[in-house]
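First up is the structure itself, then whatever we jot down about it.
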Amino acid sequence: MKINAKDEAKIKTQMTLEALQEALELLSPYFFAEMGIYVVLGFSILGSAIGIFNTGATLVTSTVAHPEIRSKNLLSILFCEAIALYGVIMSIIILTAIKEGAERSLTRDYVTKQEVLKAGYGYGAAGLSVGFSNFAAAITVGVLGSSVAVSHCGDSSLFVKLFISEIFAEAIALIGLISGIVMTTSVGFDSRI
Numbered sequence: 002m003k004i005n006a007k008d009e010a011k012i013k014t015q016m017t018l019e020a021l022q023e024a025l026e027l028l029s030p031y032f033f034a035e036m037g038i039y040v041v042l043g044f045s046i047l048g049s050a051i052g053i054f055n056t057g058a059t060l061v062t063s064t065v066a067h068p069e070i071r072s073k074n075l076l077s078i079l080f081c082e083a084i085a086l087y088g089v090i091m092s093i094i095i096l097t098a099i100k101e102g103a104e105r106s107l108t109r110d111y112v113t114k115q116e117v118l119k120a121g122y123g124y125g126a127a128g129l130s131v132g133f134s135n136f137a138a139a140i141t142v143g144v145l146g147s148s149v150a151v152s153h154c155g156d157s158s159l160f161v162k163l164f165i166s167e168i169f170a171e172a173i174a175l176i177g178l179i180s181g182i183v184m185t186t187s188v189g190f191d192s193r194i
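Following my numbering, the numbering of the sequence shown begins with 2 at its first residue and continues without gaps.
As structure tokens, this is what we get:
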């Protein structure tokens, strides 16, 4: 029996997906939960660093000509730092939930594989969602902070109007943190959750 190229491609794809599924089954659910911690910390801090760099570079350049704009525009840098703290808060929440769940599941006689997998994937997904939302929000705050600093040099009455958009950009990170907390509280490494 001869197999055509289209069927051969389907068979290879199916074999690749089965191999991926087998590889994922070998990983511990705690791996995904721990990766959620690393992702939320890494992306939150990286995004904040990029945002602070954007705002800081523009602020340093702009204050040479207009030193009076320096103090107001430091709020943009504080917003970026707050976003990094959201990532630290979420990582502590996930870490605490993992520790408590692991201790409780060790005292139980029966823990299903589905419960443990759901918890591991849930904590990992919470870390991903908060990390990516913090990354996007911090870069947005940095770009807007840079724009606010340049606009403030030209017309000081624009500061408040433009700063409101920066507050809404920072709210993206807060929404991400809230969704991550909801995701974290909806799963657990034991069935009492």
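Yeah, the Cβ is synthetic: ideal placement off N, Cα and C, and Gly gets one too.
query	result
Through-space distance from I84 to P201, alpha-carbon basis	Since the first and last residues shown for the chain are 2 and 194, residue 201 lies out of range.
Cβ contact check for the segment 35 to 53 and the segment 115 to 130: 3 or more pairs under 8 Å	yes
Length-filtered (4 minimum) alpha helix (DSSP H) runs lying within the segment 129 to 155	none
Rounded separation between I194 and S29 - CA only	Unreliable placement is indicated for I194, whose pLDDT of 43 sits below 50; the coordinate value is still reported in the next sentence. Near 20 Å, if we compare the C-alpha coordinates of S29 and I194.
As assigned by DSSP and simplified to three states, the class of F190	coil
Sub-8 Å separation of L60 and N74 beta-carbons	yes
Check whether V149 and S77 have beta carbons under 8 Å apart	yes
Beta-carbon separation (whole angstroms), I38 vs A139, contact threshold 8 Å	Contact flag wrong, Cβ pair sits at about 18 Å.
Exposed unless 16 or more other CB atoms sit within 10 angstroms - verdict on M16	exposed
CB contact flag (C81, V142, <8 Å)	yes
Limits of the unbroken alpha helix (DSSP H) element including N55	P30 to A66
Selected residue, minimal CA-CA separation from G57, among E171, M184 and L145	L145
Contact check, S134 vs A174, beta carbons under 8 Å	yes
Separation of L163 from R71, as counted between CA atoms	16 Å
DSSP three-state assignment for S166, whether helix, strand or coil	helix
Coarse secondary structure for S77, derived from DSSP in three states	helix
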